[in-house]
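Everything below concerns the one structure shown next.
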């Protein structure tokens with residue numbers, strides 16, 4: 001990692017500005033476990049390759065809930081609080097969008113919410129992972145109950161998206177307010193439940209709205225699939241509030257994405273502008289020349305050594321990922337430098353201020369004289 005001893009980095013560059021354009025790509029993917037952390041890195045690479053800015057993930061199998069960093073992405077995750085590596089949902093975003101995140105609610109291993117600031121209000125991303133068909137209906141109802149509870153946090157004027165592996169078949173042929181005519185297969189009972197949810201909450205299933213080849217519609221391939229017996233279904237969905245239906249310009253799957261899974265990556269293109277990063281206060285500049293002062297140099301090195309010793313003492317009791325370790329070390333070094341090596345602010349030259357004041361006085365006096373002449 002690059003050193004920040006230069007006194008801070010530029011917060012807004014061309015890349016970050018491009019992320020805030022009106023069209024962004026939002027995806028959802030059942031990755032069949034990210035217990036192997038290399039999968040998380042592969043997901044991040046796929047996001048970059050396909051220019052996806054927000055990625056919902058189902059079946060992470062991570063324990064607990066929180067936030068972590070993977071490459072240049074930030075991941076918010078919600079999992080079980082026990083030692084069983086099962087279920088789990090997450091949302092991975094480009095790090096340049098981190099400033100737009102205003103709220104994160106890890107409700108359960110099957111439902112989570114992340115809220116981002118947009119010019120239209122708030123962009124709500126609800127990532128879900130529904131029980132598979134071998135699970136009892138009670139578990140399905142519990143998941144829908146969780147979604148309803150988390151929807152109470154949102155507002156009607158918000159852009160709200162519910163997406164993930166819903167393990168339901170909505171079927172082809174229907175064309176109404178909630179479902180388009182480009183679904184796939186035949187509807188099952190859990191598809192009926194999904195349709196009921198859409199009616200109750202005025203949500204439309206976006207990946208049934210656009211005409212594509214079937215290979216861009218199905219999201220899951222059965223382990224029993226073979227050339228003589230094709231078993232492919234559309235069970236992952238991206239739902240959006242009906243009032244924002246026209247904000248979605250395209251939805252399709254991407255075969256061949258580089259993460260081993262029986263599910264395909266599903267991506268929607270959505271017209272929504274996220275808020276720009278507000279101009280931040282410039283961090284204090286560090287002046288290395290001050291280290292020539294023996295007393296200051298001693299204070300800096302003593303403070304750094306004390307901070308590093310504290311880190312070493314706590315590292316045995318806390319399991320921390322490599323990114324967090326680097327951040328802790330960087331803070332341990334930078335804080336003493338900012339305290340003792342801060343470059344003094346330059347004082348404005350008195351003569352320059354006097355000349356500016358004189359010019360201002362001269363303009364004011366001339367203006368008053370002109371007004372006086374007009375009155376006579």
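Residue numbers (full-length UniProt numbering): 1 to 376.
From the three backbone atoms N, C-alpha and C, an ideal C-beta is built for every residue, glycine too.
Please read all numbers here as calculations on a predicted model, not as lab measurements.
Note the first and the last residue of the continuous alpha helix (DSSP H) segment covering residue i.
i           : result
residue 324 : 322-340
residue 272 : Element bounds for residue 272: n/a, residue is neither H nor E.
residue 151 : 137-151
residue 48  : 37-49
Buried or exposed: residue i, going by 16 or more other Cβ atoms within 10 Å of its Cβ?
i           : result
residue 58  : buried
residue 211 : exposed
residue 434 : The chain is shown only over 1 to 376; residue 434 falls outside these bounds and no answer can be derived.
residue 326 : exposed
residue 378 : No answer is possible for residue 378: it lies beyond the span of the chain, which begins at 1 and ends at 376.
residue 217 : buried
residue 38  : exposed
residue 298 : exposed
residue 313 : exposed
residue 387 : It is not possible to answer for residue 387, since the shown part of the chain is limited to 1 through 376.
residue 242 : exposed
residue 119 : exposed
residue 26  : buried
residue 137 : exposed
residue 237 : buried
residue 110 : buried
Note down the Cα distance separating residue i from residue j, rounded to an integer number of angstroms.
i           : j           : result
residue 284 : residue 179 : 55 Å
residue 41  : residue 35  : 12 Å
residue 98  : residue 48  : 16 Å
residue 290 : residue 331 : 20 Å
residue 52  : residue 257 : 12 Å
residue 115 : residue 55  : 13 Å
residue 324 : residue 68  : 8 Å
residue 244 : residue 227 : 40 Å
residue 271 : residue 159 : 10 Å
residue 127 : residue 173 : 26 Å
residue 204 : residue 70  : 32 Å
residue 249 : residue 269 : 6 Å
residue 234 : residue 184 : 6 Å
residue 164 : residue 287 : 50 Å
residue 64  : residue 293 : 48 Å
residue 154 : residue 147 : 11 Å
Tell me, please, which residues DSSP counts as bridged to residue i.
i           : result
residue 294 : Paired residues: none, contrary to the question.
residue 253 : 266
residue 69  : 74
residue 286 : 342
residue 404 : Examination of residue 404 is not possible in this model, given that the chain is present from 1 through 376 alone.
Grouping DSSP H, G and I as helix and E and B as strand, with all else coil, what is residue i?
i           : result
residue 127 : strand
residue 263 : strand
residue 16  : Legend: pLDDT at residue 16 = 44, less than 50; position of this residue unreliable, value from coordinates given subsequently. Helix.
residue 95  : helix
residue 304 : helix
residue 201 : helix
residue 242 : helix
residue 188 : coil
residue 218 : coil
residue 224 : coil
residue 172 : coil
residue 314 : helix
residue 102 : strand
residue 154 : coil
residue 30  : strand
residue 182 : coil
residue 81  : coil
residue 236 : strand
residue 132 : coil
residue 25  : strand
Would you kindly report the start and end of the unbroken beta strand (DSSP E) that includes residue i?
i           : result
residue 87  : Neither: residue 87 is in no beta strand (DSSP E) and is coded neither H nor E.
residue 160 : 159-165
residue 112 : 111-118
residue 64  : First-last for residue 64: undefined, no H or E at that position.
residue 258 : Careful: residue 258 lies outside any beta strand (DSSP E) and carries neither H nor E.
residue 52  : Note, residue 52: premise wrong, no beta strand (DSSP E); not H, not E.
Check whether chain C comes within 9 Å of residue i, counting only Cβ atoms and requiring the distance to be less than that.
i           : result
residue 328 : This model lacks chain C altogether; it includes just one protein chain.
Taking only heavy atoms of the ligand GDP into account, decide whether any of them is closer than 8 Å to the Cβ of residue i.
i           : result
residue 293 : For the ligand GDP, the structure offers nothing, since it holds no ligand at all.
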